Amino acid sequence: MKDTTLGIGLVGTKFMGKAHSNAWMSAPKFFDLPMHVNMRAVAGTKVQDVAEFAQRWGWQCCTDDWKDLLSDPQVGLIDNCTPNHVHAEVSIAALAAGKHVACEKPLAGTLADARAMRDAAAKAAKKGVRTFVWFNYRRCPAVAFAHQLVKEGKLGRIFHVRASYLQDWGGPSTPLLWRFQGKLAGSGAHGDLNAHIVDMARFITGEEVTEVVGAIEETFVKERDIIESSGGAIAGKGAKRTVRGSRKGKSTVDDAVLFLARMSGGAVASFEATRLATGNQNRNQIEVNGEKGSFKFDFERMNELQWWDHTLPARMRGWSRIMCTDASHPYAGNYWPAAHVLGYEHGFVSQAADTAMVLGKKKPVVAIPDFADAYETQRVLEAAIRCARTRRPVAISEVK
Ligand SMILES: NC(=O)c1ccc[n+]([C@@H]2O[C@H](COP(=O)([O-])OP(=O)(O)OC[C@H]3O[C@@H](n4cnc5c(N)ncnc54)[C@H](O)[C@@H]3O)[C@@H](O)[C@H]2O)c1
């Protein structure tokens with residue numbers, strides 16, 4: 007019998023708002039959680055929209071002011087699905103109100119905001135308040151499995167990490183969404199996509215990035231159409247342009263950032279992110295090459311891990327395609343029989359479940375980054391930008 011309830015207060019009702027609503031709804035069905043999950047309240051920006059959203063996704067009540075969630079005693083956790091510039095304000099206020107916080111990635115748009123969030127989390131932790139960051143790709147069974155293989159020593163010493171996150175929706179016809187406005191997003195593809203692969207590289211290898219030795223930052227599309235409203239789709243489809251093409255605004259973020267780094271165990275690493283890699287729609291890839299073996303992961307084939315066992319006799323070596331859908335793979339057994347594949351939403355469902363596990367004093371399947379952990383990823387992003395702009399190597403220790 008579960009005697010505790012985790013009341014969720016969601017902020018944001020578009021792309022991630024939907025993904026998280028589905029996650030909180032589904033987690034108790036697929037996982038045996040130590041707490042009841044109560045989808046208590048959702049906050050949006052427009053009364054009519056948030057009321058419709060609450061009804062559709064099963065939220066008990068709704069508001070157009072997220073501060074209402076902080077005074078609701080039935081809300082135990084604030085789930086922050088707002089654009090990057092809002093992360094700090096909502097999260098810090100929630101922590102001060104004694105609510106646990108699960109915030110979307112990147113931790114923040116700026117290093118200063120991220121640092122303030124980390125510090126607020128450290129203060130709240132003294133009162134037992136927890137923080138979580140939605141680096142959802144850790145919870146793809148293949149990625150969590152790769153992390154386990156490294157931990158078990160299957161790769162031996164790691165020589166090389168090669169990570170890239172390539173999308174192609176950010177061409178010239180995509181309007182000036184918040185994602186292209188530096189004041190709102192902080193950065194472009196860098197904070198959006200490199201944040202994920204830096205987190206994945208740190209998570210899988212268990213190593214920290216110690217230095218960025220070279221980096222390049224480019225904005226290809228300097229101006230974009232101004233629109234009346236956006237949200238709900240990364241490409242802004244369906245958003246109304248003012249008068250088509252008549253008013254343009256400056257894009258103040260990168261379209262691509264590539265960088266080279268060193269890791270604490272001696273490995274070298276490369277990271278690439280762009281939203282203008284035509285033909286690559288959501289190609290989040292990581293390859294780790296070690297002394298005893300290597301693997302490759304590509305989110306567009308998210309159920310698979312390519313594995314090379316270098317301990318086999320040379321005549322037996324070759325790439326094998328492991329379907330990470332067996333009950334013995336992380337998370338897979340909570341869903342369907344072997345080879346009944348998982349999709350994008352399952353990473354969020356698994357993270358919601360692991361969050362409830364942590365708050366119910368049980369072990370998550372794999373670790374969820376908290377604000378302090380996500381701040382380490384933010385330092386790497388900052389070092390890469392400083393390196394690109396100053397054209398000199400930047401040690402992570404220089405980024406406080
Ligand atoms: N984990 C992932 O894979 C992933 C994927 C996409 C987005 N994200 C992150 O999730 C966050 C949200 O992105 P999205 O794609 O859902 O954006 P979106 O534009 O689709 O939705 C943003 C929501 O925030 C609300 N909002 C905006 N300003 C607000 C304010 N001041 N107060 C309260 N609500 C406000 C909007 O009304 C909207 O409902 C971003 O930080 C983004 O980087 C993460």
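Sequential numbering of the sequence shown, starting at 7, is according to this note's numbering.
Where a beta carbon is used, it is the ideal one built from N, C-alpha and C, also for glycine.
Keep in mind the model is a prediction, meaning the values are calculated, not measured.
{"query": "Same chain only: Cβ atoms within 7 Å of residue 361, ignoring 5 sequence neighbours per side", "result": "108, 138 and 374"}
{"query": "When 162, 170, 160 and 85 are compared against residue 292, the one with the closest alpha-carbon", "result": "170"}
{"query": "For residue 318, three-class secondary structure by DSSP", "result": "coil"}
{"query": "One or two residues paired with residue 15 in a DSSP bridge", "result": "47 and 84"}
{"query": "Rounded straight-line distance, which links the Cα of residue 60 to that of residue 191", "result": "26 Å"}
{"query": "Contact check, residue 161 vs residue 298, beta carbons under 8 Å", "result": "yes"}
{"query": "Residue 402 beta carbon near ligand 1 (any heavy atom closer than 7 Å)", "result": "no"}
{"query": "Nearest neighbour of residue 318, chosen from 56, 300, 358 and 352 [CA to CA]", "result": "300"}
{"query": "Every unbroken beta strand (DSSP E) within the segment 147-231, with a cutoff of 3 residues, ordered by chain", "result": "164-172, 215-224 and 229-231"}
{"query": "Heavy atom of ligand 1 within 7 Å of residue 28 beta-carbon", "result": "no"}
{"query": "Heavy atom of ligand 1 within 7 Å of residue 140 beta-carbon", "result": "yes"}
{"query": "Pair within 8 Å by beta-carbon distance, residue 37 and residue 335", "result": "no"}
{"query": "Opening and closing residue of the alpha helix (DSSP H) in which residue 31 lies", "result": "21-36"}
{"query": "For residue 137, the first and last residue of its enclosing beta strand (DSSP E)", "result": "137-139"}
{"query": "4 or more residues per run - each alpha helix (DSSP H) lying fully within the segment 67-112", "result": "73-76 and 90-102"}
{"query": "Element boundaries [alpha helix (DSSP H), containing residue 125]", "result": "117-131"}
{"query": "DSSP-derived helix/strand/coil call for residue 311", "result": "strand"}
{"query": "Ligand 1 heavy atom lying under 7 Å from the CB of residue 93", "result": "yes"}
{"query": "Supposed close pair residue 185, residue 198 - CB separation, criterion 8 Å", "result": "7 Å"}
{"query": "Any 3 or more C-beta pairs closer than 8 Å across the segment 255-274 and the segment 142-150", "result": "no"}
{"query": "Integer-rounded CB distance, given that residue 363 should sit under 8 Å from residue 40", "result": "7 Å"}
{"query": "Nonlocal neighbours in the same chain, by C-beta distance under 6 Å from residue 29, ignoring five residues either side", "result": "354, 355 and 358"}
{"query": "8 Å Cβ cutoff met for residue 13 and residue 46", "result": "yes"}
{"query": "Sub-8 Å separation of residue 51 and residue 78 beta-carbons", "result": "no"}
{"query": "Residue 206, buried or exposed, once every other Cβ within 10 Å from all chains shown has been counted against 16", "result": "buried"}
{"query": "Near ligand 1: residue 49 beta-carbon under 7 Å from a heavy atom", "result": "yes"}
{"query": "Residue range of the alpha helix (DSSP H) that includes residue 293", "result": "Segment 289-296 is the beta strand (DSSP E) holding residue 293; no alpha helix (DSSP H) there."}
{"query": "Alpha-carbon spacing of residue 189 relative to residue 123, whole angstroms", "result": "18 Å"}
{"query": "Residues bridged to residue 260 [DSSP beta-bridge criterion]", "result": "DSSP lists no partner for residue 260."}
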